[in-house]
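Heads up, the sequence shown is in the working numbering, so the first residue is 1126 and it goes up one at a time. Where a beta carbon is used, it is the ideal one built from N, C-alpha and C, also for glycine. Remember, it's a predicted structure, so these values are computed and weren't measured experimentally. The block underneath contains the structure these notes are about, expressed in structure tokens.
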Amino acid sequence: MVKSLLTFCIVSFLLCAVWGQGKPYITVTDLEDETLSLRMSITASIFVNQINNAYSNAVSPSFPEECITPEAEEKVLEIWKSSSFYFQKDYGGFKGIITAVGYQIRGIPVVMQEGGLLQNGVINFNPDGQIINFHFSVDETVYHTILTQNNSLQDVQRKRSILDFVEDFRTAYNRKDLNLISQVYGDDVLIITGYVYRGTGERSKLTGLSEEKVRYNLYNKNEYLEQLKGVFAKNRFVNLFFEDIVIVQHPALRNLYGVTLLQKWRSTTYNDDGWLFMAVEFRSDTEMLIHIRTWQPYLLNQKVFPREEVYQLGNFEFR
1126 MVKSLLTFCI VSFLLCAVWG QGKPYITVTD LEDETLSLRM SITASIFVNQ
1176 INNAYSNAVS PSFPEECITP EAEEKVLEIW KSSSFYFQKD YGGFKGIITA
1226 VGYQIRGIPV VMQEGGLLQN GVINFNPDGQ IINFHFSVDE TVYHTILTQN
1276 NSLQDVQRKR SILDFVEDFR TAYNRKDLNL ISQVYGDDVL IITGYVYRGT
1326 GERSKLTGLS EEKVRYNLYN KNEYLEQLKG VFAKNRFVNL FFEDIVIVQH
1376 PALRNLYGVT LLQKWRSTTY NDDGWLFMAV EFRSDTEMLI HIRTWQPYLL
1426 NQKVFPREEV YQLGNFEFR
């Protein structure tokens, strides 16, 4: 209790310095515990201002240890190595959301240095109001649509956990975090990657243009990670964006979900858009594993790849 009070006093003192400089202040709302809301508001405000100060001064950010865990700080610095970023300064109130491991606030506008890309950030807190993770979010409209489509409270909680998992998974690619990516892929994961190539066919005979075809390559976990390691090494930055997300529960295996989404890959040497499918299993309320990952092109022969041909749970046999 004494330690928590001391920590809170230190953080409050730091916030006074922020206020004194006329810096933006984030307000966390909608939580019953007003003391916790204030503590989260303070730590989030300091976090955001430290990021913006670092961006303005072209240095790496640093944070008071009372505000953020060492693990979370390390993740932020890994993102920074790939592409620095800053938070837009039009702040207001952010709804505090209860998660399986603590709390979070969503929809904080972020601009990436690479390409000036606008994204939304998510700050996750432990029950003491300390930051335990930061990641980029999926589109907020899609996020809320998915969560309001269900009647079951457990469905809502699980889909929220899946969305958090997907967002952290996506951000792991941004920060080139091979360790986390390895952890979320099961040892027996099946990875199918489509490769678009130019072939011959009726279309090429009629138009004189080569016909685009898809060749599928299968990888095990080690093969995929080794290939990804090479991709990360030759790209100064990697940015992933997820859109059009659909989450479906397996009809018989209630801990298994299919996640389909449009992935937009942007990097130093290569850009593409494609349909990503993942079969995700809940191992516990807070732990998930990917057993299948597939990628298929978004466009083929200048047409959108048929959605009914995108891989889904029904294409695979599970035991």
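In the three-state DSSP reduction, S1166 falls in the helix class (H, G or I). Counted as a single uninterrupted DSSP element, the alpha helix (DSSP H) harbouring T1270 occupies residues 1265-1272. F1362 and V1184 have their C-alpha atoms some 17 angstroms from each other.
Per DSSP, the unbroken alpha helix (DSSP H) holding K1346 starts and ends at 1346-1359. Proximity to N1249 across V1267, R1340, E1196 peaks at E1196, based on C-alpha coordinates.
DSSP places I1204 inside the alpha helix (DSSP H), whose first and last residues are 1195-1207. Annotation: E1239 to A1377 spans about 44 angstroms, alpha carbon to alpha carbon.
Apart from sequence neighbours up to five positions away, the residues of its chain that approach K1346 with a beta-carbon distance below 7 angstroms are Y1310, D1312, V1314, ordered along the chain. Annotation: the continuous beta strand (DSSP E) that includes Y1211 extends over 1210-1212.
Looking at the DSSP output, L1365 shares a beta bridge with W1390.
Short of 8 angstroms from the beta carbon of Y1320, and not among the five residues preceding or following it, lie these beta carbons of its own chain, in chain order: V1339, R1340, Y1341, N1342. Check the Cα spacing between V1201 and each of V1226, I1223, I1417, D1302: the tightest is with D1302. Collapsing the DSSP output to three states places E1336 in a strand. Under DSSP, G1246 shares a beta bridge with I1233, F1261.
Apart from the 5 residues on each side of it in sequence, S1209 sits with its Cβ closer than 7 angstroms to the Cβ of Y1180, Q1238 in its chain, given in chain order. The three-state reading of DSSP puts D1155 in coil, since its state is none of H, G, I, E or B. A straight line joining the alpha-carbon of V1235 with that of F1261 spans about 9 angstroms. Rounded to whole angstroms, E1265 and V1371 show a C-alpha spacing of 14 angstroms. Counted as a single uninterrupted DSSP element, the beta strand (DSSP E) harbouring K1220 occupies residues 1218-1220.
8 angstroms or more divides the Cβ of N1304 from the Cβ of L1365. Per DSSP, the continuous alpha helix (DSSP H) segment holding D1289 begins and ends at 1278-1299. If you check the CB distance, G1221 and L1156 come in under 8 angstroms.
Residue environment analysis places N1258 among the buried positions, since at least 16 neighbouring C-beta atoms fall within 10 angstroms of its C-beta. About 6 angstroms separates the beta carbons of I1256 and T1168, which is inside the 8 angstroms limit, making them a contact pair.
Here W1400 is near V1435, since their CB atoms are less than 8 angstroms apart.
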